[in-house]
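Data block below; observations after.
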Amino acid sequence: MSKKILIVDDDQEIRSYLSELFGDNGYETVTANDGAEAVEIAKTELPDLITLDLEMPNEWGPRFYRKISQDDALKRTPVVVISGLNAIKYAIPKAIASLTKPFEPAQLLKIVKDAIG
């Protein structure tokens with residue numbers, strides 16, 4: 001069974017790109033376009049890893065992260081922050097990695113493979 005990655009980003013092009021990148025490398029993906037939608041999807045899908053944008057409409061990344069951190073089924077799920085914001089590594093200190101857009105696909109894949117295989 002392939003590992004599942006939840007992609008949380010308000011940019012459809014980023015969601016499509018990451019879905020294709022992860023799919024081509026043997027991962028299953030589910031997507032959400034904001035933090036509010038992502039909380040519901042995460043509870044239903046129980047992903048093995050989450051990629052998270054910080055700046056999104058409705059509910060932004062840090063608020064989403066706080067919510068999943070309080071959920072017993074999700075709180076140990078590794079999170080990779082992918083954002084265009086500066087100083088992103090300080091936004092979610094417990095993220096396993098923080099990448100700034102644009103990012104190197106090979107670097108992201110290495111982080112994911114190291115985290116979930």
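Using UniProt numbering, read the sequence shown as starting at 1 and increasing by one per residue. For every residue, glycine included, the Cβ atom is placed at its ideal position computed from N, Cα and C.
Residue span of the beta strand (DSSP E) that contains residue i, given as start and end
i, result
"residue 157", "Because residue 157 is not part of the residues shown, which for the chain are 1 to 117, the question remains open."
"E28", "28 to 32"
Reference residue i; option with closest CA among the options
i, options, result
"A32", "D48, I5, N25, G26", "I5"
"I116", "I14, E13, Y27", "Y27"
"E104", "D9, P57, S83", "S83"
"N58", "D9, S69, E20", "D9"
"E55", "T77, Y65, L49", "Y65"
Backbone CA spacing between residue i and residue j [nearest angstrom]
i, j, result
"D71", "T44", "12 Å"
"K113", "V79", "13 Å"
"L52", "A97", "10 Å"
"S2", "K110", "16 Å"
"G23", "T29", "7 Å"
"E20", "I50", "15 Å"
Paired residues, beta bridge with residue i - DSSP
i, result
"I7", "T31, T51"
"S83", "T100"
Beta-carbon contacts of residue i that lie in its chain and below 8 Å, excluding the five residues immediately before and after
i, result
"K101", "I14, I82, S83, G84"
"Q12", "N33"
"A73", "K43, L46"
Other residues of its chain near residue i: CB distance less than 7 Å, five sequence neighbours each side excluded
i, result
"W60", "G35, L54"
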